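S.K.: Going line by line, the protein sequences match chains R and S.
Quick note, the first sequence lines up with residues 79 to 681 if you use this note's numbering.
Quick note, the second sequence lines up with residues 79 to 681 if you use this note's numbering.
Submitted below is the structure of interest, expressed as structure tokens.
2 protein chains.
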Amino acid sequence: MKRILIGPPKKSQQLREERLSKLKALPILSSDALSSVAYGYQAALSEMAFIGVAGLWIGLPIAAVIVLLLIALILSYLQVIHAYPNGGGAYAVASDQFGPIAGLVAGVALLIDYTLTVAVSVSSGIAAITTAYPNLLSWTVPLCILGIIGIMIMNLRGLNESASLFMWPTYLFIISIIAMEVIGFIHLGQAGWHYKQTPQFGVLPKELTMLIILRAFASGCSALTGIEAISNATPQFCEPTTRNAQKTLLWLGLLLALMFGGTSYLTYMKGLQVSPNFTLLGMLAQSYFHTGFFFYFLQFTTFAVLILAANTSYSGFPLLAALMARDRFMPRMFELRGDRLGYSNGIIVLSVLAIILVVVFNGQTDALIPLYAIGVFLSFTLAQTGLVKRWFTTRSKGWIWRSAINSFGGFLSAIVTIVFAVAKFSQGAWIVIVILPLLIYFGIKVRRHYHTIANDLRINMAQLKPHAHKTIVIVPIGGINRVVAGTLSYALSVSDQVIAFYVGFDDESIELMENKWSQWNTGIRLVTARSQYRSIVRPLMRFLTTVENWEGAPDHIVVAIPQFVTRKWWHNILHNQTSIMLRTILLYRKDIVVTTVPYHLID
Amino acid sequence: MKRILIGPPKKSQQLREERLSKLKALPILSSDALSSVAYGYQAALSEMAFIGVAGLWIGLPIAAVIVLLLIALILSYLQVIHAYPNGGGAYAVASDQFGPIAGLVAGVALLIDYTLTVAVSVSSGIAAITTAYPNLLSWTVPLCILGIIGIMIMNLRGLNESASLFMWPTYLFIISIIAMEVIGFIHLGQAGWHYKQTPQFGVLPKELTMLIILRAFASGCSALTGIEAISNATPQFCEPTTRNAQKTLLWLGLLLALMFGGTSYLTYMKGLQVSPNFTLLGMLAQSYFHTGFFFYFLQFTTFAVLILAANTSYSGFPLLAALMARDRFMPRMFELRGDRLGYSNGIIVLSVLAIILVVVFNGQTDALIPLYAIGVFLSFTLAQTGLVKRWFTTRSKGWIWRSAINSFGGFLSAIVTIVFAVAKFSQGAWIVIVILPLLIYFGIKVRRHYHTIANDLRINMAQLKPHAHKTIVIVPIGGINRVVAGTLSYALSVSDQVIAFYVGFDDESIELMENKWSQWNTGIRLVTARSQYRSIVRPLMRFLTTVENWEGAPDHIVVAIPQFVTRKWWHNILHNQTSIMLRTILLYRKDIVVTTVPYHLID
């Protein structure tokens, strides 16, 4: 089953082959940023939707500010790639410049936003589908879950394989959007650069408070998430990694500015308003192509690119979690690579979290947007200020203009972070503001724990050597049969002190057992106990405590449990339920060695 | 956590106390049948909805036929209680009269329908809520899941406790419906027994084929599911169990006839048509009370009684599964009673299956109805024909009229089953028709497997006695530290043949390990292996195969794995991941004894 879904395992040497050319890196690493064209402007407008047509024109200056912010951030991130060719992005920069705790803050912020990227992109992608097929609206949540599971399986198969498969939708999306823009501008030119439905410019409705405008701006900034993915993944590029990553980032910036700016402008000119059941981008396409082929084509490429956007997080999250696990801020399991060289645990954890988000927020992109992008802009801020510090320390060539760029980028990011936290606090941003410090606290505790344990485990090889101890083996039995005989044989093989332990639910069964036991005449001592709760766990635990308190108690108390080895996998549900329960409970009990002795069923 | 949700454990003696008085049995065991008033008539009408007003009058004769069928079934089931005071219903009767395979067929049919009852009742209950609060419509599936989990927890706490809490909604529902009927008839009387919207009687629209009428009838029969619950649960009644169960069944029949007949008639008189977003019962209440207090009151009692209806299955499914497990048709785990004396495994399995149904059918009652009731009517048929056979065999007092009643009931049930299977086949009934034989096949295989195993395990106590064997212990190590020293100490305690096994991912690490090992100078042999897949599982497996094939190989090959015992529960995610994986894989490997040696972390 695993083999069919995931494919055969790969060797470590294959790790080197998993490098990305620019042509492949752009779709994989930039689909998050590019695909936000599908929801960014809509997220901004929906904050002002209650005003109606009168508020539509304000979308345009907001979009312009977001494009300016994009340019500043692209310039800043070109420097990050230059300064940190080994990747890690905000996490690496912040750790390096301000110490591990600042790194932890940036790392945790990014992990949160990677998770949100998956939830937002998938739900927005499904919205593109339900715009084309409104019948599917009530299936939103199941479709989202299906989408996430699909991406998870792709990623468990390995990055490069995904890349070949995944590069086309992004290019098709870019081509579709640019083509639509060209057609849109020709159409607009023919109409004399003005439609009769184009909203009036310049009259500010008085319902439009500063808070609303800031919220709209903050929501629109969701279009900028994901531009850090390239700098994080610099080492995955083909040689020369730095130059290739920078070129890819420049292309991303150019395309995003063109696509976001163009569609926002055309949406404004067409006077389109947000609708609960249709996406703005879908409506824009419909206004040119009605429900013809191109409309459906665009909905499907939008869907596909948003699924890829979710996939961006599958490059980012597991890699970052592995870096943080290497630094002991996260459980070590994130460091283990799977059979197919991907960080399987990170991939699976990300999928589970995203599915939870989709279910809790019912697959509504608009409901998720307020949680989104705080983390990204917080990490942007840390990365940029970290870089400023670095330029001031190294004073390398061009440090003055370099630090000027990063100061500006950092300043803008900090402003956006604060605007986000304040303006969207009551809409859901508080959730992130609560979870962020909790995760930071968790990271610190994890690190401290690993350090303590590492110190405790270190030994002086000359002093501490393994040596034999006294051992007792306890075998819980439910009767006398072949399995019990086998388990007792094992017990006798490893210790000369063996006790069989029987739990009866009434006095008669206990007496019967004692009689049969003496008939069997094995020389092994039998201890019986009566359970009022039909549970053999409690009496066994009590007995183990008694044994532990014996005078001259053995150093190792072993409980030997039979394990039926079934011939067919599904036979497992017919056996071993008690055995699994006993083992699980005993594993967490102090000082008990648990041994499972296999018995092979003949059927 | 478990304690808070489930409560403290109960002793076996408390089992006797879990008996039901008539006053408690009626709401618990009859809520399924009674609550179907909320969807039965609507299910029938929705089959004819495409015809519009012209088809409405046909609902009335269909309802009349269903009430007649109800009377026949109640009379038949009074006999079942009389003949089988130990409960088990169709399963017991069919097993008893036609042998275990017929019993299995009836049992499996009932298990399927118990599961569907939970899914149908919960989704219909949530529909009552969304009729009152249409804003919640898009949250249907999460609300259904929440409902099922709530009922599961109640039932894991134990039946009688649930009863005290659960009896009121059914009574409130009965009172509400009867009160609404009284008001409705007074209203109708004042209007001269005719409204202007009352549909014309007697004109048969030509779109109305026989197939449509049969479908409407079959869907309406969903109102009769659940009447077998009382006979199944006869032994749970207070003494005298038979008389009390029969009286309760008579009350059920009377109430169901009154409530189903009355609301169907009033719905017809008001000329109400089915709507996708509102229930018929809700619209009927609205026609008398608008959206006043009583409307909301009825919606909530309808919701509550439908949740109780789901609860009926929580009395039936686990008990039946336990009976079938006792007869070895189901995995033994269904026989185990939990801490609180309920059959926990049955309760949990039922909940999981119902949640899957709700998710797959998107919480739509109408989509689930075609799957529903085939199983119930199949088991009705088997129970009635079984009873006929019994009367012919025993020829006890009154056997002639008794067998006449059961023949009639059995005949009607068989007709309904066939109508269901044919008319609804393409609408979803085929799913049940496919799953039913699969489950029967599963049951037969399970029984055969348990018999084979039981024969295999039986021993001649005089011949087979436990005796010691030769043992080798293999300890996989990742380095030299306190944990490894502890695990090796255990290994030395139980065998004089111990091998440490190290897997390196490159040659340098292997050489380093070998040097350190010879420095440590423990006298224990070290075997190293190189892994290209960063996995220690494969090399270990290869090594175990090698050991198994040694000349004079030991009888027991033991793998000792260290287990970190953490001080805080959440520290487990920081450790033991590799250990858990190794243990899981080794447990299913032939002839390997797996031992976990605890190591206590100081933090």
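From the three backbone atoms N, C-alpha and C, an ideal C-beta is built for every residue, glycine too.
Note that the structure is predicted; figures quoted are calculated from it, not measured.
Just checking: is the beta-carbon of A180/S within a distance shorter than 8 Å of some beta-carbon in chain R?
M.R.: Not one chain R Cβ lies under 8 Å of A180/S.
S.K.: Give a yes or no on whether 8 Å exceeds the smallest Cβ distance from L224/R to chain S.
M.R.: No, L224/R does not count as interfacial toward chain S.
S.K.: Between the Cα of I614/R and those of I602/R, G556/R and H649/R, spot the shortest distance and give me the residue it belongs to.
M.R.: Closest option to I614/R, Cα to Cα, is G556/R.
S.K.: According to DSSP, G360/R sits in a beta bridge with which residue or residues?
M.R.: Looking at the DSSP assignment, G360/R forms no beta bridge with any residue, so it has no partner.
S.K.: Identify each residue in the region 640-654 of chain R for which the Cβ-Cβ distance to at least one residue of chain S is less than 7 Å, and report them in chain order.
M.R.: So the list reads Q641, V643, H649, I651 and L652, given in the order they occur along the chain.
S.K.: Is the Cβ-Cβ distance between I136/S and L286/S less than 8 Å?
M.R.: Yes, the pair counts as a contact, with Cβ atoms nearer than the cut-off.
S.K.: Measure the CB-CB distance between I639/R and I670/R and report whether it falls below 8 Å.
M.R.: Not a contact, by the Cβ cut-off of 8 Å.
S.K.: The beta strand (DSSP E) with R603/S in it runs from where to where?
M.R.: Segment R603 to R608, the beta strand (DSSP E) holding R603/S.
S.K.: Against chain R, which members of the region 559-582 of chain S pass a CB distance test of less than 7 Å?
M.R.: Against chain R - using a Cβ distance shorter than 7 Å - the residues of the region 559-582 of chain S are N559, R560, V561, A563, L566, S567, Y568, L570, S571, V572 and S573.
S.K.: Under a Cβ-count criterion, where at least 16 other Cβ atoms within 10 Å of its own Cβ denotes burial, should F371/R be classed as buried or exposed?
M.R.: It is exposed - the Cβ of F371/R has fewer than 16 other Cβ atoms within 10 Å.
S.K.: Which runs of the beta strand (DSSP E), 3 residues or longer, sit entirely within the region 524-593 of chain S?
M.R.: Runs found: 549-555 and 576-582.
S.K.: With a threshold of 8 Å between beta carbons, is T209/R in contact with chain S?
M.R.: Cβ-Cβ to chain S under 8 Å: no for T209/R.
S.K.: Which term fits W469/S, buried or exposed, when burial requires 16 or more other beta carbons within 10 angstroms of its beta carbon?
M.R.: Buried: at least 16 other Cβ atoms inside 10 Å.
S.K.: Does DSSP classify I223/S as helix, strand or coil?
M.R.: Here I223/S sits in helix by DSSP.
S.K.: Identify the residues that DSSP records as bridge partners of T674/R: which are they?
M.R.: Its beta-bridge partners are I639/R and V672/S.
S.K.: Taking only three categories from DSSP, how would you classify F470/R?
M.R.: DSSP places F470/R in helix when its eight states are reduced to three.
S.K.: Establish whether the CB of A546/R and some CB of chain S are separated by less than 8 Å.
M.R.: So, interface residue.
S.K.: Run the CB neighbour count on C222/S, radius 10 Å, all protein chains shown included, and call it buried at 16 or more, exposed below.
M.R.: Its Cβ being crowded by 16 or more others within 10 Å, C222/S is buried.
S.K.: Just to confirm, are V497/S and S485/S a CB contact at a threshold of 8 Å?
M.R.: It is not a contact, given that the beta carbons lie outside the stated cut-off.
S.K.: To the nearest angstrom, how far is the alpha carbon of G167/S from that of K646/R?
M.R.: The alpha-carbon atoms of G167/S and K646/R are separated by roughly 33 Å.
S.K.: With burial defined as no fewer than 16 other Cβ atoms inside 10 Å of the residue's Cβ, what is the status of S429/R: buried or exposed?
M.R.: Counting Cβ neighbours within 10 Å, S429/R comes out buried, since at least 16 surround it.
S.K.: State the DSSP-derived secondary structure class of E239/S, mapped to helix, strand or coil.
M.R.: Residue placement at E239/S cannot be trusted, given a pLDDT of 49 that sits under 50; the coordinates are not used to answer.
S.K.: Could you tell me the alpha carbon to alpha carbon distance between M288/S and L147/S, rounded to whole angstroms?
M.R.: Distance between the alpha carbons of M288/S and L147/S: 19 Å.
S.K.: Given a cut-off of 8 Å on the beta-carbon distance, is the pair L263/S and V143/S in contact?
M.R.: Before going further, note that residue 263/S is Phe rather than Leu in the sequence given. Result no, Cβ atoms of F263/S and V143/S do not sit closer than 8 Å.
S.K.: I need the boundaries of the alpha helix (DSSP H) containing M288/R, first residue and last residue.
M.R.: It spans M288 to G298 - the alpha helix (DSSP H) in which M288/R sits, taken as one unbroken run.
S.K.: Taking its Cβ as the centre, do 16 or more other Cβ atoms sit within 10 Å of T530/S, making it buried, or is it exposed?
M.R.: Answer is exposed; the Cβ neighbour count stays below 16.
S.K.: Can you give the Cα-Cα distance for E239/S and M619/R, rounded to whole angstroms?
M.R.: At E239/S, the pLDDT of 49 sits below 50, so the modelled position is not reliable; the number obtained from the coordinates is stated separately. Their Cα atoms are separated by approximately 29 Å.
S.K.: If you measure between the beta carbons of T549/S and S571/R, is that distance less than 8 Å?
M.R.: Yes. Within cutoff.
S.K.: Hey, is M126/S's beta-carbon within less than 8 Å of any beta-carbon in chain R?
M.R.: Not an interface residue.
S.K.: In the DSSP output, which residue or residues are listed as bridge partners for H368/S?
M.R.: DSSP lists no partner for H368/S.
S.K.: Of all the CB atoms in chain R, is at least one closer than 8 Å to the CB of H527/S?
M.R.: Judged by the 8 Å Cβ criterion, H527/S is in contact with chain R.
S.K.: Step through the CB atoms of chain R and report whether any lies within less than 8 Å of the CB of D405/S.
M.R.: So, not an interface residue.
S.K.: Measure from the C-beta of N593/R to each C-beta in chain S and report whether the shortest distance is under 8 Å.
M.R.: Output row for N593/R: interface = no.
S.K.: Identify, in the order they occur along the chain, each residue of the same chain with its Cβ nearer than 6 Å to the Cβ of I152/S, setting aside the five sequence neighbours on each side.
M.R.: Contacts found: G331.
S.K.: Apart from the five residues on each side of it in sequence, which residues of its chain come closer than 7 Å, Cβ to Cβ, to P283/S?
M.R.: Taken in chain order, the residues that qualify are I129, A132 and G133.
S.K.: Classify H634/R as helix, strand or coil using the three-state DSSP reduction.
M.R.: Here H634/R sits in strand by DSSP.
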